[in-house]
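Q: Numbering of the sequence shown is given in my numbering, commencing with residue 321 and proceeding in unit increments.
Following this message is one structure expressed as C-alpha cells.
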Amino acid sequence: MKKIVALLMASAMAASLAACGGNTQNSEATSATPAESTAAESTATDGKKYEGVELTMWSMWSAGEVQAAAIQAAADAFEAETGAQVNIEWKGRDVNTLISAALESGEKLDIFEDDYNRIGHAYAPYTYDLTEMADAVGYDDFSYACFNDQAKEWAGYLNSIVEQPQIGGIFYNKDIFDACGITDTPKTWNEFLTVCQTLKDNGYEPLALDGAYANFNFYNHLVRHLGEDTIAELGKNGGWADNEAAVTAAQEIIDFVNAGYLAEGAPDAYPASQTKVGLDTAAMVACANYVTSEVDAAVGEPVNWGFFNYPEVDGNVDASAYAGANSLAISSSCENPQAAFDFIMTIVTGTCGQELVDKGGQIPADTRLKESVLAGSVETLKNTTTPMSWCGSLNTLDDWSLIKSSMIELFEGKYATGADYCAYLDTLCD
321 MKKIVALLMA SAMAASLAAC GGNTQNSEAT SATPAESTAA ESTATDGKKY
371 EGVELTMWSM WSAGEVQAAA IQAAADAFEA ETGAQVNIEW KGRDVNTLIS
421 AALESGEKLD IFEDDYNRIG HAYAPYTYDL TEMADAVGYD DFSYACFNDQ
471 AKEWAGYLNS IVEQPQIGGI FYNKDIFDAC GITDTPKTWN EFLTVCQTLK
521 DNGYEPLALD GAYANFNFYN HLVRHLGEDT IAELGKNGGW ADNEAAVTAA
571 QEIIDFVNAG YLAEGAPDAY PASQTKVGLD TAAMVACANY VTSEVDAAVG
621 EPVNWGFFNY PEVDGNVDAS AYAGANSLAI SSSCENPQAA FDFIMTIVTG
671 TCGQELVDKG GQIPADTRLK ESVLAGSVET LKNTTTPMSW CGSLNTLDDW
721 SLIKSSMIEL FEGKYATGAD YCAYLDTLCD
C-alpha cells in the first residue's frame, strides 16, 4: 500500500509543485520613515487592550492549509483576548508578486509574510523597525541569531520575525540507520563514506538525489572545500581548473558516484528519488527541511526522520549549514505596530507556534518549543553564525542554467575527472 500511495502522490506532486520562494524583487523606492506607534489601547478600565484596532495581514499560505488553520485560530484567540480584529487575506505563494506594489501604493497592509531575504532587501524601505519591541519581550533569547543578524545587516535594523525556519543538510531515515546498526551520525566526509558503505552492504541505497537538488548537493561540497567567497570569485572570474580544492571537490563527487552510493536512477526526476527514503529503499537525502513533509505526503505516512549537517572534508574551510526563513514583517505605515507585533508573537510562540511545528512539520520559530520530526535542527541553527546560501552568487550568473545542468551531469558520471569538470566550468565563468 505504501508504494501505491507513493506512486500516486509523487505523480501529483511533480505536476503541482509550487515553490515557496521566488526571485528577489528590486525596489527603487526611497526609504520610508517608520510610522510612529499610535496603538489604540482602550482607555476604559474595563475595555480590552486593543479594542477597536483592525489589522490587515497578507499571508503566504492558502486557505485550507494546516498553517492557515493554525494562524486563523491564533487570530481568533488574539481577538478574544485583546479586542483587536485581524483580517487575514490568504494570498498563497504568489504573495511575493503582490507585496511590492501594495507597499509602494500605500495600500492598507499591516502584516505580511514572505522570504526573509526579500523582506530584508526589496521591502526594507517599507518595513517597521522591530528592534525595541523585540528587545522588550527578550526575542533574542528564544530566536535564532543567524536570521536576526542577517536581517539587521540587510535592512539596517531588525525588520522581520522568523515564522518558518529552514535548514539544509542530510535528512535520513532513522529506521534504516537502526536496522544497519548505525548509532552515530557522520561528521566528516570519511565517516560519511563509511556510513554509505555500511548502508550499501545491508542492501540499502545510501543517498537519494533528484536533479532539482543536484546543485544544492554539490554546492554544499564546494563550500566545505572553498567557502562562499572563493566560490563567488571563481564564478565571476574563472580559475576553477587551477584551484586544487575545487578540483578535489569535484573528484570526490565523481568517486562517490563510482562507488555506487547514489540511489538507482539518480539524479532522477523530482520527486522520484527522494520518495525512496519514505519507501525504506534509500536512506538519506541532501536538501532543505521541507523535503521531509514532501516525502511524508508522497508515501502517506510520516518517516522517522533524523538530521545532520553536511559533513566536513579534509582541510575544511566552512562548516556552515544552509539556513533560510519565511518571516513576518510590519509595514512602516502601520498605525498600530505594537498590536501587530503582539499578534506576530502569538503566531510564532505558544499554542500556534507549536501547532505549526506539529502539524506543519516545520522547525520551531521559538527555540523553547518542542521539535517534532527534525531532532537536531534547532541546535544546528542555534550554532550557525553565518548561514550558507542556496548556491550563493552562482545563481546570479548569466550562465547559471548551464552551470546548474553541469552539476546534474557531474552526478550522472559525465566527467571522468574533477579536473575535466572544473575545466568545463571555466568555459562558463570567464
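Yeah, the Cβ is synthetic: ideal placement off N, Cα and C, and Gly gets one too.
Predicted, not measured: the structure shown is a model, and the values here were computed from it.
1) What is the DSSP secondary structure of Ile490, reduced to helix, strand or coil?
2) How is the beta strand (DSSP E) around Met604 delimited, first residue to last?
3) State the Cα-Cα distance for the pair Trp560 and Ala743, rounded to the nearest angstrom.
4) Is it buried or exposed, Ser425, if we count other Cβ atoms within 10 angstroms and call 16 or more buried?
5) Measure the beta-carbon distance from Glu525 to Thr612 and round it to whole angstroms, keeping in mind my assumption that it falls under 8 Å.
6) Less than 8 Å between the beta carbons of Lys520 and Trp625, yes or no?
7) Is it the case that the stretch 680-697 contacts the stretch 615-633, given that we only count it when at least three CB pairs across the two stretches are under 8 Å?
8) I'd like to know whether the C-beta atoms of Ile650 and Ala660 end up nearer to each other than 8 Å.
9) Determine the burial state of Thr747: buried for a count of at least 16 other Cβ atoms within 10 Å of its Cβ, exposed for fewer.
10) If you draw a straight line from the C-alpha of Glu409 to the C-alpha of Phe663, how long is it?
11) Please check the pair Met708 and Ser640, which I expect to be a contact at CB under 8 Å, by giving their CB distance rounded to whole angstroms.
12) Going residue by residue through the stretch 608-653, where are the continuous alpha helix (DSSP H) segments of at least 4 residues, counting only ones entirely within it?
13) Give the secondary structure of Ala528 by DSSP, where H, G and I count as helix, E and B as strand, and everything else as coil.
14) In its own chain, which residues sit with a C-beta less than 7 Å from the C-beta of Thr518, not counting the 5 before and 5 after it?
15) What residues match up with Glu374 in a beta bridge as DSSP calls it?
16) Please confirm if the stretch 474-489 is in contact with the stretch 432-444, defined as three or more CB-CB distances below 8 Å between the two stretches.
17) Since Asp455 is in the alpha helix (DSSP H), which residue starts that stretch and which ends it?
18) Can you round the beta-carbon distance between Asp616 and Gly558 to whole angstroms, since I take them to be within the 8 Å contact cut?
19) Could you tell me which whole alpha helix (DSSP H) segments of length 4 or greater appear in the stretch 687-716?
20) Quick one: measure Cβ to Cβ for Leu765 and Gln387, integer angstroms, because I've assumed they're closer than 8 Å.
21) Quick one, are the C-beta atoms of Leu730 and Val637 less than 8 Å apart?
22) Alpha carbon to alpha carbon, what distance is there between Leu542 and Glu584?
23) Quick check on Asp530: buried or exposed, where buried means 16 or more other Cβ atoms within 10 Å of its Cβ?
24) Looking only at DSSP bridge pairs, what is Asp435 linked to?
25) DSSP three-state call for Glu584: helix, strand or coil?
26) Could you tell me whether the Cβ atoms of Ile573 and Phe538 are closer together than 8 Å?
27) Give the single residue among Leu722, Asn578, Cys749 and Ala390 whose Cα lies nearest to the Cα of Lys679.
28) Look at the Cβ atom of Val406, then the Cβ atom of Asn656, and state whether they are nearer than 8 Å.
29) Given a threshold of 16 other Cβ atoms within 10 Å of its Cβ, counted over all protein chains shown, does Asp718 qualify as buried or as exposed?
30) Measuring only the C-alpha atoms, how far is Ala606 from Gly403?
31) Quick check: the Cα distance between Asp575 and Lys734, rounded to an integer number of angstroms?
32) Residues in the same chain with beta-carbon distance under 7 Å from Pro684, minus the five sequence neighbours each way, listed in chain order, please.
33) Tell me the residue span of the alpha helix (DSSP H) that contains Ser593.
34) Measuring only the C-alpha atoms, how far is Lys751 from Trp381?
35) Does Ser480 pass the burial test, meaning 16 or more other C-beta atoms within 10 Å, or should it be called exposed?
36) Based on Cα-Cα distance, which residue from Glu732, Gly670, Gly458 and Met665 lies nearest to Asn578?
A: Here's the rundown:
1) For this step, residue 490 is matched to residue 170 along the sequence shown. In the three-state scheme derived from DSSP, where H, G and I count as helix and E and B as strand, Ile490 is classed as strand.
2) In the sequence shown, the residue the question calls residue 604 occupies position 284. Segment Ala602 to Ala608, the beta strand (DSSP E) holding Met604.
3) As a working mapping, residue 560 is identified with position 240 in the sequence shown. As a working mapping, residue 743 is identified with position 423 in the sequence shown. Answer to the nearest angstrom: the Cα atoms are 7 Å apart.
4) Translated into the one-based positions of the sequence shown, residue 425 becomes position 105. The residue in question, Ser425, is exposed, as its Cβ has fewer than 16 Cβ neighbours within 10 Å.
5) On the sequence shown, residue 525 is found 205 positions in, with the first residue counted as 1. On the sequence shown, residue 612 is found 292 positions in, with the first residue counted as 1. Incorrect: roughly 18 Å between the Cβ atoms, too far for contact.
6) Position 200 of the sequence shown holds residue 520. Position 305 of the sequence shown holds residue 625. Contact: no.
7) Taking 8 Å as the limit for Cβ pairs, the verdict is that the stretch 680-697 does touch the stretch 615-633.
8) For this step, residue 650 is matched to residue 330 along the sequence shown. For this step, residue 660 is matched to residue 340 along the sequence shown. Yes, they are a contact pair.
9) Counted from its first residue, the sequence shown places residue 747 at position 427. That one is exposed.
10) Locating residue 409 in the sequence shown gives position 89, where the first residue counts as 1. Locating residue 663 in the sequence shown gives position 343, where the first residue counts as 1. Approximately 15 Å, taken between the alpha carbons.
11) The count along the sequence shown starts at 1 and reaches residue 708 at position 388. The count along the sequence shown starts at 1 and reaches residue 640 at position 320. Taking 8 Å as the upper bound for CB-CB distance, Met708 and Ser640 are in contact here, some 4 Å apart.
12) With a minimum length of 4 residues, the continuous alpha helix (DSSP H) runs that stay inside the stretch 608-653 are 610-619.
13) As a working mapping, residue 528 is identified with position 208 in the sequence shown. Secondary structure of Ala528 (DSSP, three-state): strand.
14) As a first step, residue 518 must be located in the sequence shown, where it is residue number 198. Once the five neighbours on either side are set aside, the close Cβ partners of Thr518 are Cys500 and Ile502.
15) As a first step, residue 374 must be located in the sequence shown, where it is residue number 54. Under DSSP, the beta-bridge partners assigned to Glu374 are Gln405.
16) Cβ pair count under 8 Å is three or more, so yes.
17) Residue mapping note: residue 455 aligns to position 135 of the sequence shown, counting from 1. Thr451 to Ala456 is the span of the alpha helix (DSSP H), which, as asked, contains Asp455.
18) Within the sequence shown, numbered from 1, the residue matching residue 616 stands at position 296. Within the sequence shown, numbered from 1, the residue matching residue 558 stands at position 238. The pair is not a contact, with the Cβ atoms about 42 Å apart (cut-off 8 Å).
19) At a cut-off of 4 residues, the continuous stretches assigned as alpha helix (DSSP H) that sit fully inside the stretch 687-716 are 697-702.
20) For the chain, the structure presents residues 321 to 750; residue 765 sits outside this window and is missing.
21) Taking the first residue of the sequence shown as 1, we reach residue 730 at position 410. Taking the first residue of the sequence shown as 1, we reach residue 637 at position 317. Result no, Cβ atoms of Leu730 and Val637 do not sit closer than 8 Å.
22) Sequence index remark: in the sequence shown, residue 584 carries index 264 (1-based). Sequence index remark: in the sequence shown, residue 542 carries index 222 (1-based). Each residue's CA atom was taken as its position, placing Glu584 and Leu542 some 24 Å apart.
23) In the sequence shown, residue 530 corresponds to position 210, counting from 1. Flag for Asp530 reads buried.
24) One-based indexing of the sequence shown puts residue 435 at position 115. For Asp435, DSSP records a beta bridge to Asn646.
25) In the sequence shown, counting from the first residue as 1, residue 584 sits at position 264. Coil, per DSSP.
26) Counting from 1 along the sequence shown, the entry for residue 573 is found at position 253. Counting from 1 along the sequence shown, the entry for residue 538 is found at position 218. Yes; because the gap between Cβ atoms is below 8 Å, this pair is in contact.
27) The residue you call residue 679 lines up with position 359 of the sequence shown. Minimum Cα distance to Lys679 is reached at Ala390.
28) Numbered from 1 along the sequence shown, position 86 holds the residue referred to as residue 406. Numbered from 1 along the sequence shown, position 336 holds the residue referred to as residue 656. For Val406 and Asn656, no; Cβs fall outside 8 Å.
29) Sequence index remark: in the sequence shown, residue 718 carries index 398 (1-based). Here Asp718 is exposed: its Cβ has fewer than 16 other Cβ atoms, across all protein chains shown, within 10 Å.
30) Sequence index remark: in the sequence shown, residue 606 carries index 286 (1-based). Sequence index remark: in the sequence shown, residue 403 carries index 83 (1-based). Approximately 46 Å between the Cα atoms of the pair.
31) Counting from 1 along the sequence shown, the entry for residue 575 is found at position 255. Counting from 1 along the sequence shown, the entry for residue 734 is found at position 414. Asp575 and Lys734 have their C-alpha atoms spaced approximately 12 Å apart.
32) Numbered from its first residue, the sequence shown carries residue 684 at position 364. Closer than 7 Å at the Cβ level, and outside the excluded window around Pro684, lie Gly673, Val677, Glu691 and Val698.
33) Position 273 of the sequence shown, counted from the start, is the residue given in the question as residue 593. Boundaries of the alpha helix (DSSP H) harbouring Ser593: Ala592 to Gly598, taken from the DSSP string.
34) Since the first residue of the chain shown is 321 and the last is 750, residue 751 is not available in this structure.
35) Residue mapping note: residue 480 aligns to position 160 of the sequence shown, counting from 1. If you draw a 10 Å sphere on the C-beta of Ser480, you find 16 or more other C-beta atoms in it, and that means buried.
36) Counting from 1 along the sequence shown, the entry for residue 578 is found at position 258. Among Glu732, Gly670, Gly458 and Met665, the Cα nearest to that of Asn578 belongs to Glu732.
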